[in-house]
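Scroll down for the structure; my scribbles are underneath it.
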Amino acid sequence: MTIIKINAITVPSDGGDELAQRFAARAGAVDDRPGFEGFELLKPTDDRLTWLVVTRWADEESFQAWLTSPSFAHGHRSETPKDGEPAARPVGVSSELWSYAIAGGTGR
Numbered sequence: 022m023t024i025i026k027i028n029a030i031t032v033p034s035d036g037g038d039e040l041a042q043r044f045a046a047r048a049g050a051v052d053d054r055p056g057f058e059g060f061e062l063l064k065p066t067d068d069r070l071t072w073l074v075v076t077r078w079a080d081e082e083s084f085q086a087w088l089t090s091p092s093f094a095h096g097h098r099s100e101t102p103k104d105g106e107p108a109a110r111p112v113g114v115s116s117e118l119w120s121y122a123i124a125g126g127t128g129r
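Structure, rendered in structure tokens:
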């Protein structure tokens, strides 16, 4: 049964573009993980500051295996600063992980 994991990331009003760029730089990094079914980064279209990272997994075990994998750790590490540059600041000010199962819909 497909499970949905949503990371709700609150960013400052000027941080959304940076968040999108960081996700774009890692595009495809999770695609080859067993049980991974899809991903979307959702940008708010109103005055909200919370972006949603929506992933779909075949099962909880696949998601947990990814969380404990070296590729997860690598993708979520702080960037090493380049010579003379300050370390990249975190984009999000907070985040929450939500978990859902599909209970209905059209299947589209």
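So the sequence shown is numbered by my numbering: it starts at 22 and just counts up by one.
Where a beta carbon is used, it is the ideal one built from N, C-alpha and C, also for glycine.
Whose C-beta lies closer than 6 Å to the C-beta of residue i among residues of the same chain, with five residues either side of it excluded?
i           : result
residue 93  : 87
residue 59  : 77
residue 119 : 27
residue 123 : 23
residue 54  : 87
Starting from the Cα of residue i, find the closest Cα among the options and give me that residue.
i          : options              : result
residue 52 : 84, 36 and 27        : 84
residue 56 : 117, 116 and 80      : 80
residue 66 : 127, 37, 117 and 125 : 37
residue 91 : 42, 64, 116 and 50   : 50
residue 43 : 54, 62 and 34        : 62
residue 34 : 25, 64 and 125       : 64
Tell me which same chain residues have a C-beta within less than 7 Å of the C-beta of residue i, skipping the five on either side of it?
i          : result
residue 39 : 112
residue 32 : 40, 70, 72, 112, 113 and 114
According to DSSP, is residue i part of a helix, a strand, or is it coil?
i           : result
residue 128 : coil
residue 37  : helix
residue 70  : coil
residue 54  : coil
residue 46  : helix
residue 83  : helix
residue 92  : helix
With a CB to CB cut of under 8 Å and the five nearest residues on each side skipped, what residues in its chain are close to residue i?
i          : result
residue 30 : 40, 71, 72, 73, 74, 112, 113, 115 and 116
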